[in-house]
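Shown next, in structure tokens, is the structure this report addresses.
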Amino acid sequence: MHFIGNLTKKVYRQKNIWHGDTYELLDVAYTKTPKADNFIDKNYTGVWRYKWFLPLVEPNNLITVKEGNTPLLTYKSSLKNVLIKQEQLFISGSYKDRGATVLISMLKQLGIKHAVQDSSGNAGASIAMYCAMAKVNCDIYIPKNTSIAKQAQIKAYGASIITVNGNRDLTAQTAFNSALKSYYASHCYNPLFFEGTKTFLFEIFEQLNFNMPDAIVLPAGNGTLLIGCFIGIKQLINAGITNKVPKLIAIQSANCSPLHNLISNQINNFTATIAEGIAVEKPVRINQMAEAVTFTNGMVITVNEEEIVKSWKNLALAGYYVEPTSAATIAGLDKYIDGFVTTETVVSLFSGNGLKATDKWLKYLKLI
Ligand SMILES: *Cc1c(COP(=O)(O)O)cnc(C)c1O
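Here you go:
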């Protein structure tokens, strides 16, 4: 049996207080290392297949739609085969469902009735969907420029939308203050979310017949997938399941690359990017993101707007209708393969469905 550190409702609320720029970040700690023999529970499919490596949720509190288990597809990047995990196939349209199923199931178990979250869209939609299934009231704070399709989706799940006249950071602060009276179901602060995203790494490991790839190429905004992968790697190593550490390659938009700038000691200079999912100027867990990249011997690659749009268009022509943010990751993947790789096994992903970005497609195709 395992146990979640201090994550009771009360302690969580007291600890997570924002004083200007200082705050305390919590992580999930397990009292016992789960056993390698229990890596997979065959009674479950998708994310909860790894339930013995996840926070303990009673079966009647599970909020799940058998999410996960996304297919690995072979894709050609510069004449080299790489593997792409189809994370745009999640029921809410993005991989955020991995984090949301764990976070909201735990919330139900804790008896929480009202959750607050902020997001540029996909995390908000995913949290709203799971809250609807858990019958938890949900307020989603969004920045003014959030895609109209994502707003519609959040509303359709019955959540309240509060539009903040400012950027992502101001949106987060506003949500945070309001959450002091309820519960902050944040995909960046709340460590339960990262416990879910780590199953992305578990699935890759299982799909490669219990082998680690050499490198994983990921988008990096708030780092939910990047940090999730790092947590997953450490957990598998601690359980004696593997001793191989794949390189974590983080992709950022050249217009918003705080992780790249931190690691390479450059100053930040932010401008707008079409890759809204990774347009995060101040990721709260940036130090953990940097550790994930440096510890695994990875790197950060930036892609400019032209490269993102080119990749976006080419992906659609090849049959993959994805969000610009997903195209940014693939543009970065292509750069990585071109510049660095010879014989590595490389895995990347399509992070979000193109239907989420209908407004951007309409604009790009000059239909509006
Ligand atoms: C959330 C998201 C990302 C970026 O993930 P972070 O956790 O912010 O690093 C990339 N693509 C899509 C489609 C997303 O929804």
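Following the working numbering, the numbering of the sequence shown begins with 43 at its first residue and continues without gaps. Note that beta-carbon positions come from the ideal geometry of N, C-alpha and C, so glycine has one too.
Neighbour flag for G265 against chain B, beta carbons, 8 Å
Among the protein chains of the structure shown there is no chain B, as only one such chain exists.
Validate contact between the segment 254-271 and the segment 93-101 using beta carbons, cut 8 Å, 3 pairs:
no
For K155, which residues in the same chain have their Cβ closer than 8 Å to its Cβ, ignoring the five residues on either side in sequence?
In chain order, V178, N179 place their CB closer than 8 Å to the CB of K155, counting only its own chain and leaving out the 5 sequence neighbours on each side.
Going by beta-carbon coordinates alone, are Y225 and I204 separated by less than 8 Å?
no
Please go through the same chain and pick out, in chain order, the residues whose beta-carbon is closer than 8 Å to the beta-carbon of K84, but skip the five residues on each side of it.
Counting only residues of its own chain and dropping the five nearest sequence neighbours on each side, K84 has a CB closer than 8 Å to the CB of R91.
Option nearest N253 by Cα separation, candidates Q294, A217, A170, I279:
Comparing Cα positions, the closest option is I279.
Could you tell me which of A198, S161, A174 sits nearest to K186, measuring between CA atoms?
S161
Under 6 Å Cβ to Cβ from M171, same chain only, skipping five residues before and after it: list those, please.
S134, Y199
What residues in its chain sit with their C-beta under 7 Å from that of N285, if we drop five residues either side in the sequence?
Same-chain partners within the cutoff: I279.
Got a sec, what are the start and stop residues for the alpha helix (DSSP H) K352 sits in?
347-359
Over what stretch of residues does the beta strand (DSSP E) that includes L114 continue unbroken?
L114: member of the beta strand (DSSP E) spanning 114-119, first to last residue.
Would you report the Cα separation of C173 and V383, rounded to the nearest angstrom?
42 Å
Is C173 helix, strand or coil when you go by DSSP?
helix
Rounding to the nearest angstrom, what Cα-Cα distance links T75 and Q277 in this structure?
8 Å
Here's the rule I'm using: 16 or more other beta-carbon atoms within 10 Å means buried, otherwise exposed. How should K150 be labelled?
buried
Length of the line joining the Cα atoms of T385 and A78:
Just so you know, the alpha carbons of T385 and A78 end up roughly 29 Å apart.
When the Cβ atoms of the segment 314-333 are set against those of the segment 366-378, are three or more pairs found closer than 8 Å?
yes
How many angstroms separate the CA atom of E323 from the CA atom of P300?
When rounded, the distance between both Cα atoms is 6 Å.
If you follow the alpha helix (DSSP H) that Y406 is in, where does it begin and where does it stop?
Where Y406 is concerned, the enclosing alpha helix (DSSP H) starts and stops at 400-406.
Run the proximity test for T367: is its beta-carbon closer than 7 Å to any non-hydrogen atom belonging to ligand 1?
yes
Per DSSP, the bridge partner or partners of N123:
K118
Can you have a look at G163 and say buried or exposed, based on whether 16 or more other CB atoms are within 10 angstroms of its CB?
buried
Just the C-alpha distance for K405 and A165, rounded to the nearest angstrom, thanks.
If you take the alpha carbons of K405 and A165, they lie about 24 Å apart.
Name the two residues that bound the continuous alpha helix (DSSP H) containing Y220.
Per the sequence shown, the amino acid found at residue 220 is Ser instead of Tyr. 210-221 is the extent of the alpha helix (DSSP H) around S220.
Ligand 1 and L243: does the residue's C-beta get closer than 7 Å to at least one heavy atom of that ligand?
False, no ligand heavy atom lies under 7 Å from that Cβ.
Minimum length 3: unbroken beta strand (DSSP E) runs contained in the segment 186-271
202-206, 257-261
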